[in-house]
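2 protein chains.
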Amino acid sequence: MSAAQLIGLDWGTSSLRAYLLGAQGAVLEQRDRPLGIMRVKDGDFAGAFAQACGDWLRAYAQAPVLLAGMIGSKQGWLEAPYCACPADAAAIAATLAPLALAGRTARIVPGLSCTNSAGVPDVMRGEETQIIGALPAAGSHLAVLPGSHSKWAWVEQGTVVRFASFMTGEIYAALTGHTILGRLMQADAPHDAAAFARGVRYGLEAPQELMSRAFSARTLGLFGQLGEAALPSYLSGLLIGSEIGGASGMTPHAGLITIPVTILGNAALTLRYTEALTIAGMRTEAGTPDCAAQGLWRIARAAGLLI
Amino acid sequence: MSAAQLIGLDWGTSSLRAYLLGAQGAVLEQRDRPLGIMRVKDGDFAGAFAQACGDWLRAYAQAPVLLAGMIGSKQGWLEAPYCACPADAAAIAATLAPLALAGRTARIVPGLSCTNSAGVPDVMRGEETQIIGALPAAGSHLAVLPGSHSKWAWVEQGTVVRFASFMTGEIYAALTGHTILGRLMQADAPHDAAAFARGVRYGLEAPQELMSRAFSARTLGLFGQLGEAALPSYLSGLLIGSEIGGASGMTPHAGLITIPVTILGNAALTLRYTEALTIAGMRTEAGTPDCAAQGLWRIARAAGLLI
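Chains as they are written, first to last, in this note's numbering: chain B, 294 to 600; chain L, 294 to 600.
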């Protein structure tokens, strides 16, 4: 195992994933731990790190340590300032935040910020590392990272030009858990592909009417057109359709989206977004599974950290 | 008090308002009680009615009794079927649901239903009575009834042609109470007119991006551009602006809204919607305060119930 060249962590809100990386960024070992920043007691991030991969630290005294994700937020270990878009791996590498760790210096990857045409800021933390890892340094790309706060990122020649967050996942949870829409639903129903597709089409058709169309997740139940087991998938589709409808008007070139959309998400979300984007007439590509690891590697390389 | 000609109730989810009406629908007496259908124990609606205005029932043995609102829903006293749009006072009067009450027959006003161009149903209960009461029987009108589920209604010659619900109020409560947006907010802050207006403009500009723009209620706080006391008003404005932006594309004539919008709501909401609609370049009119009473009167008259 003397080939280990980087200890990299994708450290999020609810969990962390630690990678031991070898030559050319090959993943030598990977560990998933339920030690997200919201689950670390009393701010003992050093203890959590030691628990997750203290043995790596001891075994590879020369390996640099790079941390990405919410660990660099105000609620994390050390607040790493945002790097403003447009930003590529080199710009991110130039703004790493140093952190004393067991006698050496670890580094935290900054999140990205951007400002839209109305002067309103947007932010991401962790997703920038996946984007850098997933996309080639050449060509025009559009990536979507579905989740609680989905991110859409426009990338040119390896540079994140701009991005936009959509609160799709969190709004879905709030609507089903804390509004009248949840009342008619069977919360734990399995995915219903037909109901999902119906929701996608309805949301996509008029995303500007989202707050009105969402009410259909009640009325279609009231009128017996959708059963309680179909309604969660229907509402999920409606929100994702609205997201796609909104995002597809935000492309920097003010045109339609003609390039494939790279989806960077877990298997279930990748499947849903593939279905939804296909309904919207867009082509899709699934991202590489280890894009966070690749991103950590590329940022470490750009920072000159690799041995 | 022998002039009493109608006992009319606007009986909603959280409260009820009872009117004793005389000649030409004049309000002789009005009572507000916290006896909404969700607060009536064990479904004892007869007991709640007796508590609110049993004395009227005894004093005016000949007066007809008309009930509007959620009292006619599945969770209410008796489910009154919806009356399908287009619907005027006569159509509503023709579908009143009879209800035995202390030896006589009370009647429940049906809600309205309509179906949009995508074949999706929408419903209202109670608002139809306010609309019938507020708008003249001649001319083209557009009314908005702000609330948990705002209603926009297009009315021609006293007929509700179509309407659309927007879940604005309930989504506001879910976002502030159950998403990350609430974290940076001072929940009980007083109304901030400048922040509200900023939110209205931002929501109105691109209602199709609502799930993205909502995130600005976090980022503007993170970047210190809006303080915690300003954020609730900002988010409220953003949602109301999105609602107006979405609704203004739904007019049956597929054109811009050129007629004044009649606002039927409480004083605080009427003020907010007046501000927001003015920012959107629309003219507004505040509805009559007693429009529910007037609607009950007009429906009773159309049903031939008045003595």
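We treat Cβ as the ideally placed atom computed from N, Cα and C, and that holds for glycine.
For clarity, every value in this text was computed on a predicted model and none was experimentally measured.
For a test of the three-state rule: what should DSSP assign to residue i, helix, strand or coil?
i        : result
PRO327/B : coil
PHE508/B : coil
ARG455/B : strand
PRO500/L : helix
THR469/L : helix
SER366/L : coil
CYS378/L : coil
ARG400/B : strand
ALA436/B : strand
ALA446/B : strand
VAL610/B : This structure cannot speak to residue 610/B, because chain B is shown only from 294 to 600.
PRO429/L : coil
THR422/B : helix
PRO525/L : helix
THR389/B : Note that residue 389/B is Leu in the sequence shown, not Thr. Here LEU389/B sits in coil by DSSP.
LEU532/L : helix
LEU371/B : coil
LEU519/B : coil
LEU513/L : helix
LEU394/L : strand
LEU477/B : coil
LEU599/B : coil
In whole angstroms, give me the CA-to-CA distance for residue i and residue j.
i        : j        : result
SER458/B : LEU503/B : 16 Å
GLY301/L : ALA486/L : 37 Å
ALA569/B : VAL402/B : 32 Å
MET575/L : LEU435/L : 11 Å
TYR465/B : GLY530/B : 10 Å
ALA411/L : THR461/L : 21 Å
VAL448/L : VAL437/L : 11 Å
GLN587/B : LEU309/B : 16 Å
ALA297/L : GLN317/L : 10 Å
ASN409/B : ARG351/B : 45 Å
MET294/B : PRO439/B : Because the pLDDT of MET294/B is 47, which lies under 50, any placement of that residue in the model is unreliable, and the question is left without a value.
MET331/B : ALA341/B : 12 Å
LEU598/B : LEU328/B : 26 Å
ILE533/L : ALA507/L : 12 Å
ALA384/L : MET543/L : 24 Å
THR398/B : ASP335/B : 22 Å
ASP337/L : MET478/B : 27 Å
ALA339/B : THR577/B : 40 Å
ALA446/L : ILE537/L : 13 Å
GLU463/B : GLY517/B : 27 Å
THR567/L : THR452/L : 24 Å
LEU589/L : LEU389/L : 12 Å
LEU321/L : ILE550/L : 37 Å
THR469/L : GLU421/B : 27 Å
ASN559/L : THR581/L : 11 Å
TYR312/L : ARG511/L : 45 Å
ILE592/B : ALA343/B : 23 Å
LEU392/B : THR306/B : 19 Å
ALA319/L : PRO545/B : 60 Å
LEU299/B : ARG494/B : 45 Å
With residue i and residue j assumed to form a contact (beta carbons below 8 Å), what rounded beta-carbon distance in angstroms separates them?
i        : j        : result
LEU405/L : TYR375/L : 6 Å
CYS584/L : ALA427/L : 4 Å
ARG455/L : CYS407/L : 5 Å
HIS471/L : ALA467/B : 5 Å
LEU497/B : ILE572/B : 7 Å
LEU474/L : LEU562/L : 21 Å between Cβ atoms; not a contact.
SER535/B : PHE489/B : The Cβ separation is near 13 Å, so there is no contact.
ALA382/L : ILE425/L : 5 Å
ALA386/B : ALA596/B : 4 Å
ILE600/B : GLN355/B : 6 Å
Please indicate yes or no: does the CB of residue i lie closer than 7 Å to some heavy atom of the ligand NAP?
i        : result
VAL437/L : Absence of the ligand NAP is noted for the structure shown, with no ligands found whatsoever.
* Asked: Taking only runs of the beta strand (DSSP E) that begin and end inside the segment 536 to 580 of chain B, which ones reach a length of at least 3 residues, in chain order?
  -> Runs found: 554 to 556, 577 to 579.
* Asked: Taking one C-beta from the segment 550 to 559 of chain L and one from the segment 367 to 376 of chain L each time, how about it: are there three or more such pairs within less than 8 Å?
  -> Here the segment 550 to 559 of chain L does not lie against the segment 367 to 376 of chain L, with fewer than 3 beta-carbon pairs under 8 Å apart.
* Which whole runs of the alpha helix (DSSP H) in the segment 295 to 362 of chain L are 4 residues long or more, in chain order? -> Counting only runs of 4 or more, we get 338 to 352.
* To do: Inspect the CB distances between the segment 471 to 482 of chain B and the segment 507 to 526 of chain B and report whether three or more fall short of 8 Å.
  => A contact between stretches requires three or more CB pairs, one per stretch, nearer than 8 Å, and the segment 471 to 482 of chain B meets this requirement with the segment 507 to 526 of chain B.
* Should the segment 353 to 365 of chain L be called in touch with the segment 426 to 435 of chain L, which here means at least 3 C-beta pairs below 8 Å? -> Not touching, per the Cβ criterion.
* Count the CB pairs spanning the segment 416 to 430 of chain L and the segment 335 to 352 of chain L that are closer than 8 Å, and state whether there are at least three. => Contact between the segment 416 to 430 of chain L and the segment 335 to 352 of chain L is absent, because fewer than three Cβ pairs lie under 8 Å.
* Evaluate contact between the segment 497 to 512 of chain B and the segment 491 to 503 of chain L, counting only Cβ atoms and requiring at least three cross-stretch pairs below 8 Å. => Yes, since at least three Cβ pairs between the segment 497 to 512 of chain B and the segment 491 to 503 of chain L fall closer than 8 Å, the two stretches touch.
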